[in-house]
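Asker: Residue numbers (the working numbering), protein chains in the order written: chain A, 148 to 313; chain B, 148 to 313.
For every residue, glycine included, the Cβ atom is placed at its ideal position computed from N, Cα and C.
Structure incoming, see below.
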DNA sequence: TGACGAAGTTTCGTGTGCGGAATATCCGCG
DNA sequence: CGCGGATATTCCGCACACGAAACTTCGTCA
């Protein structure tokens, strides 16, 4: 597979390439980084008998305590129907339990079991460990720049989509 | 191989709140941007009766001509087994056809049909349109910074994973 | 020639991931 | 109280997405 930062001959020749050439390159690089990170995360998770999203879930629950299914979905950038399946399998494996809220019986609290808590304590990183390592290797200035740029991107995306969360 | 996660001890000694706080924030933002973009891309694709990966596939095939399944997989950052399923559904819908290579009968060339080519011509963007729009809204300096930072991240990731050069 | 390892693709099992429909519950309003 | 809209979760069908195993074909080497 091509390194994501390589240049094609057409771009080298052209002084001012197409408008979106750098945009395409940035996208390609981000997709590469993201998918590669997910792949490695999955690999690490498997060493604990878990999947990627399951690791994310138990670390979120470890940090925030029991959450409703909707809140947990929001934290993981997943839909409720996706989260239902993840919770099902984690419940099947004895990692979490569903607790009906007594104040609002529509709500299901997802809580770690003892087994789940013990497992969470063994896993040092939340998710995307590879990406996180790479980010840590950046110097302070780069991280500040990246944070600034991502904030602008988020604002733009929020504006385009109209919805938001958190 | 020595892992880069050994710097957690340095973090604990550090007086500042927590070294990884901004890293976590950056990761969270990237995940948000990526998943949101994928969601919107899927939505756009559906208006043409396609899925997200299918749009990516026909635009890649439009640009590069018929590709072997392995080459197409690499272009899309997917595994061969994933690509097989995507090709199956696209073949079922008459968008592509499989052509056995005559020089190497192990190889299957994936080629656009007339219908597929016509559809590809109607779709202006390759993928991740939302993300691309947001990137275009950045000024020149930000894009240059982002490109530089992403190159460093890619180099670091490649170093951590091990070079799987093309 | 025949063994044999490598390469390309498919198959299989499992786990996301999404939108839409169905269900249950809550709440405000009359 | 009862109605109707809003909210929380689940169920359904489909499309990725991955690793491991199976299968075919290729190239080589003895």
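Restricting to Cα atoms, I'd like to know which of 180(A), 301(A), 194(A), 243(A) is closest to residue 285(B).
Answerer: 301(A)
Asker: Given this structure, state the Cα-to-Cα distance separating residue 169(A) from residue 232(A), to the nearest angstrom.
Answerer: 39 Å
Asker: Residue 182(B) versus chain A: which residues are under 9 Å apart at the beta carbon?
Answerer: Listed along chain A are 224, 225, each with a C-beta nearer than 9 Å to that of residue 182(B).
Asker: List the residues of chain B that residue 189(A) touches, going by C-beta distances under 8 Å, in chain order.
Answerer: The premise fails here: residue 189(A) is roughly 12 Å from chain B at the closest Cβ pair, so nothing lies under 8 Å.
Asker: Give a yes or no on whether 9 Å exceeds the smallest Cβ distance from residue 281(B) to chain A.
Answerer: Yes, its Cβ sits closer than 9 Å to a Cβ of chain A.
Asker: Would you tell me roughly how many angstroms separate the C-alpha atoms of residue 242(A) and residue 226(A), rounded to the nearest one?
Answerer: Just so you know, the alpha carbons of residue 242(A) and residue 226(A) end up roughly 20 Å apart.
Asker: For residue 175(B) and residue 277(A), what's the separation of their Cα atoms in angstroms?
Answerer: The alpha-carbon of residue 175(B) is positioned some 14 Å away from that of residue 277(A).
Asker: Using CA coordinates, which residue listed in 246(B), 182(B), 287(B) is at the minimum distance from residue 212(B)?
Answerer: 246(B)
Asker: Quick check: is the beta carbon of residue 254(A) nearer than 9 Å to any beta carbon in chain B?
Answerer: False, the Cβ-Cβ gap to chain B never drops below 9 Å.
Asker: Using a Cβ-Cβ cutoff of less than 6 Å, which residues in the same chain neighbour residue 184(B) once the five nearest sequence positions on both sides are dropped?
Answerer: 275, 277, 278
Asker: Counting only the same chain and skipping the five closest in sequence on each side, list residues whose C-beta sits under 6 Å from that of residue 208(B).
Answerer: 259
Asker: Fully enclosed by the stretch 286 to 311 of chain A, which alpha helix (DSSP H) runs are 4 residues long or longer?
Answerer: 287 to 308
Asker: Can you grab the Cα-Cα spacing for the pair residue 173(B) / residue 297(A), in whole Å?
Answerer: Taking the straight line from one Cα to the other gives about 8 Å.
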